[in-house]
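S.K.:
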Amino acid sequence: MSLSMTCRCGKWIFAACAAVFLALLSVSAFAKEDDKWRNEEQVYAKICAYCHDVGVGPVIKGRQLTPTYIAAWVRHGWKAMPAFSSAFIDDKTLQRLAEYVSQSAPPQQ
Amino acid sequence: MTEQNYAILPPGVESQAFHNAVQQFRQLLGNENVLVKQEQLVPYMKIMMSVDEAGHAASAVLTATNVEQVQGVVRICNEHKIPVWTVSTGHNFGYGTAAPHHRGQIILDLKKMNKIIEIDPDLCTALVEPGVTYQQLADHIKEKGYKLWVDPPAPSAIVGPVGNTLDRGIGYTPYAEHFMFQCGMEVVLANGKVLRTGMGGVRDSNTWQVFKWGYGPYLDGIFTQSNFGIVTKMGLWLMPQPDVFRPFAVKFRKDEDIKDLVEMFRPLSINGIIPNGVVFAGTLYEASVTVRRSDYTTEKGATSKDVIQRIRDEHNIGAWTAYGALYGTHEQVEVNWRIVIDSIKKLGKGEIITEDHAGNDPAFKYRADLMRGNMTLTEFGLYNWRGGGGSMWFAPLSQAKGSETVKQVELATRILNKHGLDYVGEFILTQRALHHVIDVLFDRTDTEEMSRAHDCFAELLGEFEKNGYGVYRVNTAFMDRVANSFGPVQREVNKTLKRALDPNNILAPGKSGIDLDI
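For the record, the sequence lines run as chains A and B.
The working numbering applies: residue 32 is where the first sequence begins, and numbers increase by one.
The working numbering applies: residue 1021 is where the second sequence begins, and numbers increase by one.
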C-alpha cells in the first residue's frame, strides 16, 4: 500500500492530531452511568486508532504534538478530519487524551 | 461580544427576542448546555459540501439530556419562532455533517442522550437514545455476553443507529436496510406532546420493540428524512450471531462486467442465498483504501483511463469487486457456498477471493468487518483519493438489473469527468434494488474545484432525473432541489403534514425540502 502518512504535509499532521481527538469523542459516547473508560489508551483504541493506526489518517503518536495543538484540531477539524464537539468529547477528556497522545511513544514499525 | 450581541441570529428573530430565548434555554438546560460563543460553535461549522460554511452557520447550540428538556426546547422555540435543527451524533458526513439547513437555525445536539435503555437478548431487540453510537452498542453487547451483532454504516464507531436509521442509511450485514429493522419510536412533537408509535401507544405494552405496525396508519415512516418531530428513543432489531460467517470477494476485470455480475447476484440476493447487503465496488472506490490519486498524477481534472488501468494492474484491483458473505450454521453455509461457487463458474468469469486468500489485504479486511458489524473507519480512505475534504454523496436508486447499472455508471462517469472529477462509486444490493452510492470527491480548499463540484452535483441530479432516476438521500445544500424531483403532489402532502404537526415551522425547516416558508 502506498499510503505513507508520515511523509505527508503538515496539514495532514494537523489532521492526524484531530483524528486523535476522535477518540475523545467516544468518551462521552460511553458515558453511561455504569460504563467508564478505563484510561486514555482505551479511548485512543476505540476511536483514533481506526484511522491513525491503519494508514487512513497520519500517524500521530510519538510526534510530540502539543496538547493545545491537538485539541484545536479536534474541535475545528481539517479537510478529511472531522470536527468533534464538546457534546461528543468534553473539554476535560479532550485534554487528557491530548496529553496522552502528545507524550506517547512512536508506534512500533 | 456581549451576550446581547450575537454574531448570527435565527431568521426573522430580533436580537432581544433571541437573547430572551437564550436566557430561557440557560434556565432549562444549564449554562454549559447553551453554546453561543463562536469558539463553541466551530465544531458545528465543519462541512464537506460544495458551499460556503457561512450559509449553514448556527446561531446557537443546545444540548439536552432527557425528554423533558427536549419538550422544553420545543416550547421555547415555539414561543420565539426559532427554527431548531436536531442532530444525534453530528457525523452525517457527505450529507451536511452537523450543520443546519440554513444559516441562523439553532442546533439541538442529542449526543448526550446516550442511554442504552434495554436489550432483550432473546428477542434480539434494543431500545436506545439518539446519542448512542454503534461502538457503544457493540461494546455493551460484548460486555453483557450477548450473542448479537449490530449493523453499522461505514463511519461505524462515531455514528449511531438512531441518526442513521432516521436518515434511512444502510449497512452491510443481512440487516442492511436499517429502517426495515427499526421498531418503535418515541417522538417529541412540535406541540410538546410525546408520541410513542406502534405498540408503544398501548399502556404497559411489552410489544413495542417486536411488532412494527401497531394499529391504524403506520406513523414511523413520516419521522424519517423529515421534520415532523424529534425522535428521542428508537427500537431496533439486532442480528443473532451466526455459527459461521464466511466473507468473500469476487473480482471482475472489465468495466462491462457489472452487467453480468448484477444479473448473477440478484437471484442469489432475492432467494436469500447471500443475505447481506452485497457491494459491487468500482476501481477507485476499492483503490482508495491503499492508493492516493497523487501517487499517480498531480494534474487537475479527471483521472485518465490509462492511470486507472495502471492502478488496476499495479494493485491487482478489479474493474468491479463484489463483496458478500454467508451466515448460518456450518451446514447452511456449506450449501450456500456451493451455490455461489457454481453460479460464478457458470458465469465463466470472476476471481473468487476467500478470507484465507485475502490475507492482510486492508480492503478485504474492512469489508469483512462491515459485513459482520465490526467497527472500522477504513472507508474514510476515500477522502484521501483527491484530498481537500470535499465529499458529497450522489446516491441514485437503481433496479437490480445489469443493463440499468451500465446506464447509470456511464451517465455518472461522463458528467463527473466533464467537470474534472472521478467516478468513485459502488452499488449496494438489497434484493431488488441497488443503492448506487457515488462519492463526489473534491478539494474544498480549491475554490475553482469546489465550484466545479457544485455544478457537477447539480448536473448529476438533473441528468439522472431526466432518465427517471431519483436519489435516496442528499446533502442539505440540495434538499430542496431533490424534493422537486419527487413531484409537486409529494411536496404538497409533506407541506400539509408540516402545517398540521408544526404550524410554527420550528422543526428543521428545509429538511428534505419541507419548509412552510417556501
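Just so you know, even glycine gets a beta-carbon here, dropped at the ideal spot from N, CA and C.
Anyone know if the C-beta pair for B:Ala1503 and B:Arg1493 falls short of 7 Å?
M.R.: Contact: no.
S.K.: Helix, strand or coil, according to DSSP, for B:Gly1348 in the structure here?
M.R.: DSSP places B:Gly1348 in strand when its eight states are reduced to three.
S.K.: Leaving aside the five residues before and after A:Ser133 along the sequence, list all residues of the same chain whose C-beta is less than 8 Å from its C-beta, in chain order.
M.R.: The answer, listed in chain order, is Gln95, Leu96, Thr97, Pro98 and Ile101.
S.K.: For a cutoff of 7 Å on Cβ pairs, would you count A:Lys123 as touching chain B?
M.R.: Not an interface residue.
S.K.: For B:Leu1402, is the beta carbon positioned less than 6 Å from some heavy atom of the ligand SAH?
M.R.: Only the bare structure without any ligand can be found here, which leaves the ligand SAH out of the picture.
S.K.: Verify the CB distance criterion: does A:Ile101 have a CB-CB separation below 7 Å to chain B?
M.R.: With 7 Å as the cut-off, A:Ile101 does not count as an interface residue toward chain B.
S.K.: Under three-state DSSP, which class holds A:Phe119?
M.R.: In the structure shown, A:Phe119 sits in coil (DSSP, three-state: anything other than H, G, I, E or B).
S.K.: May I ask which residues mark the beginning and end of the beta strand (DSSP E) holding B:Met1205?
M.R.: Looking at the DSSP string, the run of the beta strand (DSSP E) that includes B:Met1205 is Gln1202 to Val1208.
S.K.: Going along the stretch 1392-1410 of chain B in order, which residues come within less than 8 Å of chain A, judged by CB to CB distance?
M.R.: Listed by position along the chain: Met1395, Thr1396, Leu1397, Thr1398, Phe1400, Gly1401, Tyr1403, Asn1404, Gly1407, Gly1408 and Gly1409.
S.K.: Near B:Trp1357, which residues of its chain fall below 7 Å by C-beta distance, leaving aside the five closest residues on each side in sequence?
M.R.: Here the set comprises Arg1266 and Leu1346.
S.K.: Classify B:Glu1138 as helix, strand or coil using the three-state DSSP reduction.
M.R.: In the structure shown, B:Glu1138 sits in a strand (DSSP, three-state: E or B).
S.K.: Using the beta-carbon of each residue, which ones in chain A are nearer than 8 Å to B:Asp1129?
M.R.: Result: Ser116 and Ala118.
S.K.: As a quick exercise: from B:Gly1212, B:Ala1210, B:Asn1211 and B:Met1205, pick the residue whose alpha carbon is nearest that of B:Gly1220.
M.R.: The option with the nearest alpha carbon to B:Gly1220 is B:Met1205.
S.K.: Use the C-beta contact count for B:Gly1212: other C-beta atoms within 10 angstroms, 16 or more gives buried, fewer gives exposed.
M.R.: With fewer than 16 other Cβ atoms within 10 Å, it is exposed.
S.K.: Is there a C-beta anywhere in chain B that falls below 7 Å from the one on A:Lys92?
M.R.: No, A:Lys92 does not count as interfacial toward chain B.
S.K.: On the DSSP letters alone, give me the boundaries of the beta strand (DSSP E) that B:Glu1073 sits inside.
M.R.: Premise fails: B:Glu1073 is in no beta strand (DSSP E) and is neither H nor E.
S.K.: On a Cα-Cα basis, can you pick out the residue from B:Phe1201, B:Thr1303, B:Pro1103 and B:Val1491 that is closest to B:Gly1249?
M.R.: Selected option, being the one with the closest Cα: B:Pro1103.
S.K.: Would you identify the three-state DSSP class for B:Thr1145, choosing helix, strand or coil?
M.R.: Note: B:Thr1145 maps to strand in three-state DSSP.
S.K.: Please report the straight-line C-alpha distance between B:His1121 and B:Ala1074, rounded to a whole angstrom.
M.R.: Straight-line Cα distance between these residues: approximately 11 Å.
S.K.: What is the residue span of the beta strand (DSSP E) that B:Met1068 lies within?
M.R.: Per DSSP, B:Met1068 belongs to no beta strand (DSSP E) and is neither H nor E.
S.K.: Can you confirm whether B:Pro1063, when its beta carbon is compared against all beta carbons of chain A, has any partner nearer than 7 Å?
M.R.: Answer yes: the Cβ-Cβ gap between B:Pro1063 and chain A drops below 7 Å somewhere.
S.K.: Under 7 Å between C-beta atoms, does A:Arg127 make it to chain B?
M.R.: It does not; no Cβ of chain B falls within 7 Å.
S.K.: Output, in chain order, the set of chain A residues within a Cβ distance shorter than 8 Å of B:Phe1113.
M.R.: By Cβ distance, chain A contributes Pro113.
S.K.: Among the residues of its own chain, which have a CB less than 8 Å from the CB of B:Arg1519, if the five just before and after it don't count?
M.R.: Excluding positions up to five away in sequence, the list reads Leu1536.
S.K.: Note down, one range per segment and in chain order, each alpha helix (DSSP H) of at least 4 residues found wholly within the stretch 1347-1419 of chain B.
M.R.: As far as the stretch 1347-1419 of chain B is concerned, its whole alpha helix (DSSP H) runs of at least 4 residues are 1350-1367, 1375-1378, 1382-1391 and 1402-1406.
S.K.: Under 8 Å, CB to CB, which of the residues in the stretch 1317-1343 of chain B have a partner in chain A?
M.R.: Against chain A - using a Cβ distance shorter than 8 Å - the stretch 1317-1343 of chain B contributes no residues.
S.K.: Thinking C-alpha only, which one of B:Pro1030, B:Ala1301, B:Asn1051 and B:Val1491 is nearest B:Ala1342?
M.R.: It is B:Ala1301 whose Cα lies nearest to the Cα of B:Ala1342.
S.K.: Give me the residue from B:Met1133, B:Asp1263, B:Ser1035 and B:Asp1475 with the minimum Cα distance to B:Val1148.
M.R.: Cα-wise, what sits closest to B:Val1148 is B:Met1133.
S.K.: Going by C-alpha distance, which of B:Asp1142, B:Lys1135 and B:Pro1175 is nearest B:Leu1157?
M.R.: Answer by Cα proximity: B:Lys1135.
S.K.: Identify the contact partners of B:Pro1287 in chain A, using a Cβ-Cβ distance below 9 Å as the criterion.
M.R.: Result: empty, since nearest Cβ-Cβ is about 35 Å, beyond 9 Å.
S.K.: Going by DSSP in three states, B:Ala1037 sits in which element: helix, strand or coil?
M.R.: Residue state, collapsed to three classes: helix.
S.K.: Just to make sure I have the definition right: I need the residues of chain B whose C-beta is within less than 9 Å of the C-beta of A:Ile132. Which are they?
M.R.: Checking the displayed sequence, the identity of residue 132 of chain A turns out to be Val instead of Ile. What A:Val132 touches in chain B: nothing, since even the nearest Cβ is about 17 Å away.
S.K.: For B:Phe1265, which of helix, strand or coil comes out of DSSP?
M.R.: Looking at B:Phe1265 - three-state DSSP - the assignment turns out to be strand.
S.K.: Where do the ends of the beta strand (DSSP E) carrying B:Leu1461 lie?
M.R.: Segment Ala1453 to Asp1463, the beta strand (DSSP E) holding B:Leu1461.
S.K.: Please list, in chain order, the chain A residues whose beta carbon lies closer than 8 Å to that of B:Gly1110.
M.R.: Within chain A, the residues near B:Gly1110 are Ser116, Ala118 and Phe119.
S.K.: Is there a Cβ of chain A sitting closer than 7 Å to that of B:Lys1253, yes or no?
M.R.: False, the Cβ-Cβ gap to chain A never drops below 7 Å.
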